[in-house]
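Take the sequence shown: its letters are residues 34 to 454, numbered as in the numbering used here.
Cβ coordinates follow ideal geometry from the N, Cα and C atoms, glycine included.
Here's the structure, in structure tokens; my notes come after.
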Amino acid sequence: MSGNGKRGRILVIGGGISGLTAAIEAAEAGADVILVEKEAFLGGRVARTNLYFPKMCPPTCGLEINLRRVKTNPRIRTLTLSTVRSISGDPGSYKATIQKAPRFVNSRCTICGDCVEVCPAERPDAFNLGLSVTKAVYLPFESAYPARFVIDEDACQGAEACGKCLEACGYGAIDLTMAPETEEVEVDAVIWATGWAPPDAAQFEGLGFGQYANVVNNVTMERLSAPNGPTGGKILRPSDGKGPDSVAFVQCAGSRDENYFKHCSGVCCVASLKQARYIREQYPEADIFIFYIDIRAPGRLEDFFSATKEDEKLSLVKGKVANITEDSSTGNLTVEAEDTLTGRRIAQAVDLVVLATGMIPNGTGDTQVEGGIALDEHGFIAMDQPKGYLAAGVAKRPVDVAACNRDATGVALKALHLSAE
Numbered sequence: 034m035s036g037n038g039k040r041g042r043i044l045v046i047g048g049g050i051s052g053l054t055a056a057i058e059a060a061e062a063g064a065d066v067i068l069v070e071k072e073a074f075l076g077g078r079v080a081r082t083n084l085y086f087p088k089m090c091p092p093t094c095g096l097e098i099n100l101r102r103v104k105t106n107p108r109i110r111t112l113t114l115s116t117v118r119s120i121s122g123d124p125g126s127y128k129a130t131i132q133k134a135p136r137f138v139n140s141r142c143t144i145c146g147d148c149v150e151v152c153p154a155e156r157p158d159a160f161n162l163g164l165s166v167t168k169a170v171y172l173p174f175e176s177a178y179p180a181r182f183v184i185d186e187d188a189c190q191g192a193e194a195c196g197k198c199l200e201a202c203g204y205g206a207i208d209l210t211m212a213p214e215t216e217e218v219e220v221d222a223v224i225w226a227t228g229w230a231p232p233d234a235a236q237f238e239g240l241g242f243g244q245y246a247n248v249v250n251n252v253t254m255e256r257l258s259a260p261n262g263p264t265g266g267k268i269l270r271p272s273d274g275k276g277p278d279s280v281a282f283v284q285c286a287g288s289r290d291e292n293y294f295k296h297c298s299g300v301c302c303v304a305s306l307k308q309a310r311y312i313r314e315q316y317p318e319a320d321i322f323i324f325y326i327d328i329r330a331p332g333r334l335e336d337f338f339s340a341t342k343e344d345e346k347l348s349l350v351k352g353k354v355a356n357i358t359e360d361s362s363t364g365n366l367t368v369e370a371e372d373t374l375t376g377r378r379i380a381q382a383v384d385l386v387v388l389a390t391g392m393i394p395n396g397t398g399d400t401q402v403e404g405g406i407a408l409d410e411h412g413f414i415a416m417d418q419p420k421g422y423l424a425a426g427v428a429k430r431p432v433d434v435a436a437c438n439r440d441a442t443g444v445a446l447k448a449l450h451l452s453a454e
């Protein structure tokens, strides 16, 4: 422990649920924490979720209290729109170089929205996976933290060509002269909470993603179901904006597959069961089909599975989907598989297909690490690392939100121990 009575200094890379939890637990135990997030907001993938399973509550249930703890803790320094470019040194004495991108909106912002009303430029809304648009000056989502607008430099026409936001802002919050900054920090330990990304499902042969409009992946389904999503929470077919009368969920899309990704993400089965409930709530008469290899719903999730499969209009088909085709005149789809329990070949016509794609690790991203970071065979950060490096949550293995919270708490305690040595 350092002479000033504090438990050292910890760098947390990633501001998703694991990074937030690790930062909060370490700071509340006395450490000084630098929390670095590449996006303009904290919350990561969880912020884009419609509901958690098994309680089926919105992400604000977990994020709101964590963000409040971040805001009120002076030991946590949050850097959004920032990336760690390099790390060098030894445990207890690391030096990290952080690149900070300009936000073009300063702390005077009151999120009044006057700048948005006059902005003439638009951009694809990354928060909604490009399914909607925002103005070049935007708030990532309604409860985003920091609670401040951000300007997309690529979409903005700039002060000389436009400058309307400058004129509209009565608080002097717009600063189009902001420039990138680089900062070096010294820390005792580093927690990698870099999370995950969905794979590009267009690479999965025969499944039609990117080829047929009505084939979507599971992260898109979350946004289509969310009240703050591109359709206001109404699940509609992308091709024609109509509600589906039948939906197929394709499990292990690209996962547990020697040709693509060998690992099982563990949460996709229950995520599809949850999304089947989304469908049922909005479309009581819709037919739902889940094509699966195995349904993995261990422990407390078994009850969630048991309750969901009681739906009389939900059919579980044990068989890996081999092909999906489209009727170009209607946009309807045919899902082809073999039911391994009966030996029958199935060609099921549906209105919408949801591919249950898994979690692909972000690893260490573009960060240059002196001596390197070991990854496992699937690209997750390996458990065996130099003493001062720790990984939390999905950075080291696929887990659900609750498991991320538990794991990040344990990792924070380990980081505190290392910092105190």
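Problem set entry | residue 261 to residue 267 span [Cα, whole Å] | 10 angstroms
Problem set entry | Residues that DSSP places opposite residue 282 in a beta bridge | 323 and 387
Problem set entry | Closest Cα partner of residue 78 within the set 48, 102, 101 and 67 | 48
Exercise. Can you tell me where the alpha helix (DSSP H) with residue 336 in it begins and where it stops?
Worked result: 334-341
Exercise. Which class does residue 69 belong to by DSSP, given the choice of helix, strand or coil?
Worked result: strand
Exercise. Which residue from 127, 189 and 246 puts its Cα closest to that of residue 364?
Worked result: 246
For this session: Apply the 10 Å Cβ neighbour rule to residue 439 and answer buried if 16 or more other Cβ atoms are within range, or exposed otherwise.
Result: exposed
Problem set entry | Unbroken beta strand (DSSP E) run spanning residue 120, endpoints | 115-123
Exercise. Is the beta carbon of residue 69 sitting closer than 7 angstroms to the one on residue 115?
Worked result: yes
For this session: Assuming residue 494 contacts residue 422 (C-beta within less than 8 angstroms), just tell me the rounded distance between them.
Result: This structure leaves residue 494 out entirely; the chain is present only between 34 and 454.
Problem set entry | Range of the contiguous beta strand (DSSP E) that encloses residue 75 | Element bounds for residue 75: n/a, residue is neither H nor E.
Problem set entry | Whole-Å CB distance - residue 144 paired with residue 110, under 8 angstroms assumed | Contact doesn't hold; Cβ gap of about 22 angstroms is too wide.
Exercise. Identify the residues that DSSP records as bridge partners of residue 294: which are they?
Worked result: 288
Problem set entry | Distance, residue 174 Cα to residue 445 Cα | 28 angstroms
Exercise. Skipping 5 residues on each side, what residues in its chain have a beta carbon closer than 6 angstroms to that of residue 60?
Worked result: 66, 106, 108 and 109
For this session: Could you please give me the residues that DSSP links to residue 109 through a beta bridge?
Result: 66
Problem set entry | Span separating the alpha-carbon of residue 392 from that of residue 147 | 39 angstroms
Exercise. Between the segment 355-362 and the segment 316-331, do three or more beta carbon pairs fall short of 8 angstroms?
Worked result: no
For this session: Could you please give the first and the last residue of the uninterrupted beta strand (DSSP E) stretch that includes residue 131?
Result: 126-133
Exercise. What's the C-alpha gap between residue 151 and residue 193?
Worked result: 15 angstroms
Exercise. Helix, strand or coil: which one does DSSP assign to residue 300?
Worked result: coil
For this session: Out of 185, 227 and 141, state which residue places its alpha-carbon closest to the alpha-carbon of residue 426.
Result: 227
Exercise. So what does DSSP say about residue 445, is it helix, strand or coil?
Worked result: helix
For this session: Check whether the segment 376-388 touches the segment 398-405, counting contact only when three or more Cβ pairs, one atom from each stretch, lie closer than 8 angstroms.
Result: no
Exercise. Under the three-state reduction of DSSP, which class applies to residue 457: helix, strand or coil?
Worked result: In this structure the chain extends from 34 to 454, so residue 457 is not present and cannot be described.
Exercise. What's the call for residue 253, buried or exposed, on a 16-neighbour Cβ count within 10 Å?
Worked result: buried
Exercise. Just how far apart, CA to CA, sit residue 284 and residue 329?
Worked result: 11 angstroms
Exercise. Does DSSP put residue 56 in a helix, a strand or coil?
Worked result: helix
For this session: Over the uninterrupted alpha helix (DSSP H) stretch that includes residue 151, give me the two end residues.
Result: 147-151
Problem set entry | Close-in-space but distant-in-sequence residues of the same chain around residue 51 (CB under 6 angstroms, 5 per side omitted) | 226, 425, 426, 437 and 441
Exercise. If we count Cβ pairs, one from each stretch, closer than 8 angstroms, do we get three or more for the segment 345-357 versus the segment 232-251?
Worked result: yes
Exercise. When DSSP builds the beta bridges, which residues end up paired with residue 380?
Worked result: 369
Problem set entry | Residue(s) in a DSSP beta bridge with residue 401 | 119
Exercise. Is the segment 286-295 in contact with the segment 332-351, if contact means three or more CB pairs nearer than 8 angstroms?
Worked result: no
For this session: Report all residues from its chain with a CB closer than 8 angstroms to the CB of residue 270; omit the five preceding and five following residues, and keep chain order.
Result: 246, 247, 276, 277, 364, 384 and 385
For this session: Using three-state DSSP, classify residue 36 as helix, strand or coil.
Result: Model confidence at residue 36 stands at a pLDDT of 39, short of 50, so the residue's coordinates are unreliable; what they give is reported in the following sentence. Residue 36 falls in the coil class under three-state DSSP.
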